[in-house]
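The opening residue of the sequence shown carries number 4 in our numbering; numbering runs sequentially from there.
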Amino acid sequence: MDFSIAYKELVKIIGLPLIDTGRVCDLIWFGFGRRIKVKDNRRGSYREVAEYALHVQCPWRLMDISKIIVGSYDKYIPNSKIEYSDEFDWDIEGANLCDEILKKLFELHPSKLVVKSVKLDQFGELEISFSDNYVLDIMPDTSTDDEVWRIFQNGVEKKHLVATGIRISLE
């Protein structure tokens, strides 16, 4: 893919705030922009979502200038209120360290982190820089055509920018 096409899609989030994150199993999403209402095709009802969504299914980390704040592996670690045991279920919302840290991050930054820049390399590694010196790194880790991340505008019938282990394309 021509990188100028990929950048044309990615720069749309520059200047937008990170307004939420969420998780379904090992897929985490980051929501940017304003909240909009979209129709849920399965239920027929409306729900509020971020204007832009970044879905990630590969290693990622959120850092500031001195440390890693939270990373994808943290979902396998119990939150600070739970002692580890063989029965620990990381997939229960709020039970893991990742969910706990991301919740605290939004409490610490009620004015939201604003996207300042984006970088993309030929391997699909994506770096999103925010206000307050935060950086989100997304690091594909497969040599296959499996999807590792995608970014798209909610509520609009447009192609998504999709990265796999071997390509970046509009789908």
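Ideal Cβ positions, reconstructed from N, Cα and C, are used throughout, including at glycine.
From a predicted model like this one, the values you see are computed outputs, not experimental measurements.
Local conformation of residue i per DSSP, three classes
i, result
"Asn136", "helix"
"Phe91", "coil"
"Leu105", "helix"
"Ala56", "strand"
"Glu12", "helix"
"Asp149", "coil"
"Phe2", "Here the chain covers residues 4 to 174 and nothing more, so residue 2 does not appear."
"Lys119", "strand"
Nearest to residue i (by Cα), restricted to the options the options
i, options, result
"Asp29", "Thr147, Phe133 and Glu96", "Glu96"
"Ser134", "Lys11, Val41, Ile68 and Tyr49", "Ile68"
"Ala9", "Arg64, Leu164 and Trp32", "Leu164"
"Arg37", "Gly25, Arg50 and Glu54", "Glu54"
"Lys78", "Met66, Lys70 and Pro62", "Pro62"
"Phe155", "Asp89, Glu12 and Asp5", "Glu12"
"Lys40", "Lys70, Ser172, Asn99 and Val159", "Val159"
"Asp149", "Gln125, Met4, Asp94 and Gln60", "Gln60"
"Asp5", "Thr147, Gly47 and Gln125", "Gln125"
Own chain, CB closer than 6 angstroms to residue i, minus 5 neighbours either side, in chain order
i, result
"Asn43", "As written in the sequence, residue 43 is Asp, which differs from the Asn given in the question. Within the same chain, Asp43 has close Cβ partners Arg50."
"Ser120", "Ser132"
"Thr24", "Phe33 and Leu105"
Same chain only: Cβ atoms within 8 angstroms of residue i, ignoring 5 sequence neighbours per side
i, result
"Arg35", "It is worth fixing the name first, because residue 35 is Phe in this sequence and not Arg. Correct list, in chain order: Ile16, Leu19, Pro20, Leu21, Ile22, Ala53, Glu54, Tyr55, Ala56, Leu57 and Val118."
"Gly74", "Pro62, Trp63, Arg64, Leu65 and Cys101"
Nonlocal neighbours in the same chain, by C-beta distance under 7 angstroms from residue i, ignoring five residues either side
i, result
"Glu174", "Lys162, His163 and Val165"
"Lys115", "Pro20, Leu21 and Ile22"
"Glu110", "none"
"Val14", "Val121"
Limits of the beta strand (DSSP E) - the one that residue i falls within
i, result
"Arg64", "Trp63 to Met66"
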